[in-house]
Ligand code: FES
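In the working numbering, the protein residues as written are 4 to 122.
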């Protein structure tokens with residue numbers, strides 16, 4: 004069974020292969036949503052981009068980004084700004100399946116002032 008290591012929470016959980024990352028995080032008591040999104044989020048429909056995580060290790064063990072996830076990240080301002088500098092490893096937990104060991108960072112900050120934003 005794959006292991007998901009939530010680095011901020013220092014928590015590792017075993018999940019079934021092909022498991023949905025959002026559902027497994029919720030089962031493990033890991034808070035994916037920052038601030039007001041704990042109440043107001045799209046409940047896993049892939050619309051709000053507030054369940055985003057950065058895959059630190061094991062990107063090859065994640066399901067590939069579908070068209071819907073890519074579109075959501077490009078059209079939602081939160082997703083758009085957050086993914087700058089993390090275009091490949093920034094994922095929506097609700098849209099990602101875990102096929103092998105991964106390490107993820109929950110609640111990554113927006114990158115409004117990062118070195119990669121302005122060039
Ligand atoms: S829960 Fe809204 S995009 Fe994942």
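Here a beta-carbon is modelled for each residue, glycine too, at the ideal position from N, C-alpha and C.
Pull the bridge partners of residue 93 from the DSSP assignment, please.
57
If I follow the unbroken alpha helix (DSSP H) through residue 72, where does it start and stop?
70–78
For residue 15, count the other beta carbons within 10 Å of its own beta carbon; 16 or more makes it buried, fewer makes it exposed. Which is it?
exposed
Can you say whether residue 2 is buried or exposed, counting buried as having 16 or more other CB atoms within 10 angstroms of its CB?
Because residue 2 is not part of the residues shown, which for the chain are 4 to 122, the question remains open.
Quick test of your reading: residue 3 and residue 109, contact by CB under 8 Å. State the CB separation rounded to the nearest angstrom.
The question about residue 3 has no answer here: the residues shown for the chain are numbered 4 through 122.
So is the beta-carbon of residue 23 under 7 Å away from any non-hydrogen atom of the ligand FES?
no
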